[in-house]
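> Each residue of the sequence shown is one higher than the one before, starting from 2 at the first, in our numbering.
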Amino acid sequence: MKQKGMLQIRGGRVVDPAQGLDERLDVLIVDGRVAEIALGIGAEGAAVLDASGAIVAPGFIDMHVHLREPGFEHKEDIESGTRAAARGGFTSIACMPNTNPVIDTSGVIDLIMMRADAVGVVNVFPIGAISAGLEGNEIANIGSLVEAGAVAVSDDGTGSQDNYVLRRALDYANMFSVPYISHAEDTRLSADGVMHEGHYSTLLGLTGIPSAAEEIHVARNAILAELTGTPCHIAHISTAGSVRIVREAKARGVPITAEVTPHHLTLTDACLTTYDANLKMKPPLRSEEDRLELLKGLQDGTIDCIATDHAPHASSDKQVEFPLAAFGIIGLETALSLACNELLHKKVLSLEQLIEKMSLAPARILKLPRKGSLEPGMDGDVTIFDPDAKVTVNPETFASKSRNTPFGGWELRGAPVATIVAGHVAWNARATARAKA
2 MKQKGMLQIR GGRVVDPAQG LDERLDVLIV DGRVAEIALG IGAEGAAVLD ASGAIVAPGF
62 IDMHVHLREP GFEHKEDIES GTRAAARGGF TSIACMPNTN PVIDTSGVID LIMMRADAVG
122 VVNVFPIGAI SAGLEGNEIA NIGSLVEAGA VAVSDDGTGS QDNYVLRRAL DYANMFSVPY
182 ISHAEDTRLS ADGVMHEGHY STLLGLTGIP SAAEEIHVAR NAILAELTGT PCHIAHISTA
242 GSVRIVREAK ARGVPITAEV TPHHLTLTDA CLTTYDANLK MKPPLRSEED RLELLKGLQD
302 GTIDCIATDH APHASSDKQV EFPLAAFGII GLETALSLAC NELLHKKVLS LEQLIEKMSL
362 APARILKLPR KGSLEPGMDG DVTIFDPDAK VTVNPETFAS KSRNTPFGGW ELRGAPVATI
422 VAGHVAWNAR ATARAKA
């Protein structure tokens with residue numbers, strides 16, 4: 002990842018929403034930065050990557066990933082997780098703090114950064130815990146976390162249940178200009194629920210999680226963001242009510258943003274009739290009505306970006322009775338194909354909108370310098386993909402250590418071609434295919 006030199010990307014269709022650019026051009030990267038975008042660049046001595054027939058976009062950023070290191074390396078680690086990201090077309094990922102130990106001290110961030118530098122193949126940005134141990138009782142030392150490299154603070158996996166502690170934490174975070182990423186869940190309401198509360202939970206005899214468990218916290222977060230001025234980002238938004246609350250808050254000028262996962266855009270609670278534990282996640286798959294409102298929210302800008310909530314689990318965590326199975330699925334290696342298949346080709350989003358929601362928008366939310374655009378001077382992070390390539394999802398070929406996906410066997414249209422990080426080819430599907438041939 003640290004290699005320098007010259008790389009010329011030739012023959013692709015360059016689409017960069019930040020510059021309003023959409024035309025066939027070459028991209029030259031020198032010493033890790035974009036040096037020039039033009040047709041027919043002459044760069045003697047540069048390595049050449051042929052992007053003919055493919056889209057050349059600013060590097061995609063997944064702002065919601067569970068790398069599981071430290072503490073749960075049997076599920077995923079920084080090496081396997083970043084390789085999965087590269088194969089999925091992501092040049093940067095932000096890792097959530099619910100590790101063991103929790104990312105609530107600068108020492109844990111130092112460990113993650115050291116490991117990412119040693120074995121990672123894409124950029125890794127740590128997210129610090131908003132409270133000590135993610136227990137919600139004592140504010141973490143946010144200043145030291147930011148100084149060590151945290152790009153945000155979060156309560157992901159637990160949710161903040163104490164409104165007073167959260168308000169003070171937001172005041173603290175605002176001093177360091179970092180956003181709060183919210184896992185919106187009232188745990189008293191969600192209790193021991195395992196799927197969405199509704200028709201199908203009754204039909205299947207499974208305890209439901211009401212939409213209100215999410216919506217109450219989304220509304221509270223909007224109020225506290227307005228009060229403190231601290232940017233609040235709603236992770237994995239899943240209900241129509243949450244979309245409505247975010248839309249209304251944005252209309253008032255509240256500093257609030259939201260992300261949605263490919264699985265919440267694609268699947269519903271009706272899929273759970275198979276009792277497949279790979280369909281168990283939190284927040285749960287909601288109703289078809291909710292799914293359609295998520296699509297509308299993505300179209301009208303209420304939902305800012307797409308993130309995977311990549312949550313690896315060992316097979317033993319999933320190969321149990323549905324109520325006992327762990328929450329979460331992996332998503333780094335299926336997100337781009339699902340986005341092309343379900344959003345681009347079904348005309349939910351234009352190509353430019355899709356790229357913006359997977360590159361520029363997360364870069365802006367996390368305030369990542371030199372990310373999200375191919376403008377000269379920006380980092381040489383590039384995602385190259387073919388929106389028309391046909392793929393069949395095969396979890397056994399994943400770079401991730403885990404296999405917990407409900408999309409195995411799905412035939413999708415759209416796939417990553419190559420992932421470039423600071424001018425270094427982190428992954429190249431065409432080269433891999435040639436090597437196998």
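Glycine is no exception: its CB is placed at the ideal position from the N, C-alpha and C atoms.
(1) Pick out whichever of G206, G89, I330 has its Cα sitting closest to the Cα of V418.
(2) In three-state DSSP terms, what is T420?
(3) Using a Cβ-Cβ cut-off of 6 angstroms (strictly less than) and excluding sequence neighbours within five positions of I421, which residues of its own chain qualify?
(4) In chain order, which alpha helix (DSSP H) runs of at least 4 residues are fully inside the segment 65-93?
(5) Starting from G1, trace the beta strand (DSSP E) both ways and give me its first and last residue.
(6) Assign V301 to buried or exposed, taking buried as 16 or more other Cβ atoms, counted over all protein chains shown, within 10 Å of its Cβ.
(7) Ordered along the chain, which non-local residues of its own chain (more than five positions away) have a Cβ less than 7 angstroms from that of K297?
(8) Can you tell me the Cα-Cα spacing of V154 and A58, whole angstroms?
(9) Apply the 10 Å Cβ neighbour rule to A416 and answer buried if 16 or more other Cβ atoms are within range, or exposed otherwise.
(10) For H200, which three-state DSSP category applies?
(11) Quick check: the Cα distance between A55 and A85, rounded to an integer number of angstroms?
(12) What's the C-alpha gap between N342 and A133?
(13) Between T188 and the rest of its own chain, which residues show a CB-CB distance below 7 angstroms, the 5 nearest in sequence each way excluded?
(14) Consult DSSP for I128 and reduce its assignment to one of helix, strand or coil.
(15) Count the CB pairs spanning the segment 27-43 and the segment 69-81 that are closer than 8 angstroms, and state whether there are at least three.
(16) Spatial neighbours of L112 within its chain, please: CB distance less than 7 angstroms, with the 5 preceding and 5 following residues excluded, ordered by chain position.
(17) Exposed or buried, what is T92 when buried is set at 16 or more other beta-carbons lying within 10 Å of its beta-carbon?
(18) What are the start and end residues of the beta strand (DSSP E) that includes Y276?
(19) May I ask you to list the residues that DSSP assigns as paired with T393?
(20) Leaving aside the five residues before and after E216 along the sequence, list all residues of the same chain whose C-beta is less than 7 angstroms from its C-beta, in chain order.
(21) Using a Cβ-Cβ cut-off of 7 angstroms (strictly less than) and excluding sequence neighbours within five positions of A327, which residues of its own chain qualify?
(22) Have a look at L167 and E24 and give me their C-alpha separation to the nearest angstrom.
(23) Does DSSP put H264 in a helix, in a strand, or in coil?
(24) Thinking just about the alpha-carbon of each residue, which of K402, K281, P98 is nearest to the one in L325?
(25) With L268 and L286 assumed to form a contact (beta carbons below 8 angstroms), what rounded beta-carbon distance in angstroms separates them?
(26) Distance check for L50 and P388, CA to CA, integer angstroms please.
(27) Per DSSP, what kind of secondary structure is V426 in: helix, strand or coil?
(28) Please work out which residues of its chain come closer than 6 angstroms, Cβ to Cβ, to L413, disregarding the five sequence neighbours upstream and downstream, and give them in chain order.
(29) Which of the three DSSP states is assigned to R404 in this structure?
(30) Under a Cβ-count criterion, where at least 16 other Cβ atoms within 10 Å of its own Cβ denotes burial, should M115 be classed as buried or exposed?
(31) With a 10 Å radius around its C-beta and 16 neighbouring C-beta atoms as the bar for buried, classify D193 as buried or exposed.
(32) Can you name the residues that DSSP bridges to G158?
(33) Once the 5 residues before and after G378 are set aside, which same chain residues still bring their CB inside 8 angstroms of it?
(34) When you compare the CB positions of L333 and H311, do they come within less than 8 angstroms of one another, or not?
(35) Under the DSSP definition of a beta bridge, which residues are partnered with V120?
(36) Evaluate M2 with the Cβ neighbour count: other Cβ atoms within 10 Å of its Cβ, from every protein chain shown; 16 or more gives buried, anything less gives exposed.
Looking at the coordinates:
(1) Residue numbering aside, residue 418 sits at position 417 when the sequence shown is read from its first letter. Measuring from the Cα of V418, the nearest candidate turns out to be G89.
(2) Within the sequence shown, residue 420 is the residue found at index 419, counting from 1. T420: strand per DSSP, three-state reduction.
(3) On the sequence shown, position 420 is the one that residue 421 refers to. So the qualifying residues of the chain are V383.
(4) 79-88
(5) Outside the shown range of the chain (2 to 438) lies residue 1, about which nothing can therefore be said.
(6) As a first step, residue 301 must be located in the sequence shown, where it is residue number 300. A quick correction: the sequence has Asp, not Val, at residue 301. Under this definition D301 is an exposed residue.
(7) For this step, residue 297 is matched to residue 296 along the sequence shown. Cβ neighbours of K297 beyond the five flanking positions: none.
(8) On the sequence shown, position 153 is the one that residue 154 refers to. On the sequence shown, position 57 is the one that residue 58 refers to. So the two alpha carbons sit approximately 28 angstroms from each other.
(9) Walking along the sequence shown from the start, residue 416 turns up at place 415. Under this definition A416 is a buried residue.
(10) Counting from 1 along the sequence shown, the entry for residue 200 is found at position 199. Residue state, collapsed to three classes: helix.
(11) As a position in the sequence shown, residue 55 is number 54, starting the count at 1. As a position in the sequence shown, residue 85 is number 84, starting the count at 1. Approximately 21 angstroms, taken between the alpha carbons.
(12) Numbered from 1 along the sequence shown, position 341 holds the residue referred to as residue 342. Numbered from 1 along the sequence shown, position 132 holds the residue referred to as residue 133. Roughly 41 angstroms between the two C-alpha positions.
(13) Against the sequence shown, residue 188 aligns to sequence position 187. Cβ neighbours of T188 beyond the five flanking positions: G160, Q162.
(14) Looking up residue 128 in the sequence shown gives position 127. If DSSP states are grouped into helix, strand and coil, I128 belongs with coil.
(15) no
(16) Position 111 of the sequence shown, counting from 1, holds the residue named residue 112. The residues are P71.
(17) Counting from 1 along the sequence shown, the entry for residue 92 is found at position 91. T92 comes out buried.
(18) In the sequence shown, residue 276 corresponds to position 275, counting from 1. Note, Y276: premise wrong, no beta strand (DSSP E); not H, not E.
(19) Indexing the sequence shown from 1 puts residue 393 at position 392. DSSP, once it has assigned bridges, lists E412 as partnering T393.
(20) Taking the first residue of the sequence shown as position 1, residue 216 is located at position 215. Taken in chain order, the residues that qualify are T240, G242, S243, I246.
(21) Reading the sequence shown from its first residue, position 326 is the one you call residue 327. Cβ within range, chain order: H314, D318, K319.
(22) As a position in the sequence shown, residue 167 is number 166, starting the count at 1. As a position in the sequence shown, residue 24 is number 23, starting the count at 1. Taking the straight line joining both Cα atoms gives about 46 angstroms.
(23) Working through the sequence shown from its first residue, we reach residue 264 at position 263. H264: helix per DSSP, three-state reduction.
(24) As a working note, residue 325 is residue 324 in the sequence shown. Nearest of K402, K281, P98 to L325, Cα basis: K281.
(25) Within the sequence shown, the letter at position 267 stands for residue 268. Within the sequence shown, the letter at position 285 stands for residue 286. The Cβ separation is near 5 angstroms, so the contact holds.
(26) Position 387 of the sequence shown, counted from the first residue, corresponds to residue 388. Position 49 of the sequence shown, counted from the first residue, corresponds to residue 50. Distance between the alpha carbons of P388 and L50 is about 18 angstroms.
(27) To locate residue 426, count along the sequence shown from 1; it is residue 425. The answer is strand: DSSP assigns V426 an E or B state.
(28) The count along the sequence shown starts at 1 and reaches residue 413 at position 412. Around L413: S338, N342, V392.
(29) One-based indexing of the sequence shown puts residue 404 at position 403. In the structure shown, R404 sits in coil (DSSP, three-state: anything other than H, G, I, E or B).
(30) Walking along the sequence shown from the start, residue 115 turns up at place 114. Per the 10 Å Cβ criterion, exposed.
(31) Here residue 193 corresponds to residue number 192 of the sequence shown, with the count starting at 1. Per the 10 Å Cβ criterion, exposed.
(32) For the purposes of this step, residue 158 is identified with residue 157 of the sequence shown, where counting begins at 1. According to DSSP, G158 bridges with nothing at all.
(33) Numbered from 1 along the sequence shown, position 377 holds the residue referred to as residue 378. Excluding residues within five positions, the ones whose Cβ falls inside 8 angstroms are R34, V35, R371.
(34) As a first step, residue 333 must be located in the sequence shown, where it is residue number 332. As a first step, residue 311 must be located in the sequence shown, where it is residue number 310. In contact: L333 and H311 (Cβ atoms closer than 8 angstroms).
(35) By 1-based counting over the sequence shown, the position of residue 120 is 119. According to DSSP, which records beta bridges pairwise, V120 is partnered with nothing at all.
(36) Here residue 2 is taken as the residue at index 1 of the sequence shown, counted from 1. Unreliable placement is indicated for M2, whose pLDDT of 43 sits below 50; no coordinate value is reported for it.
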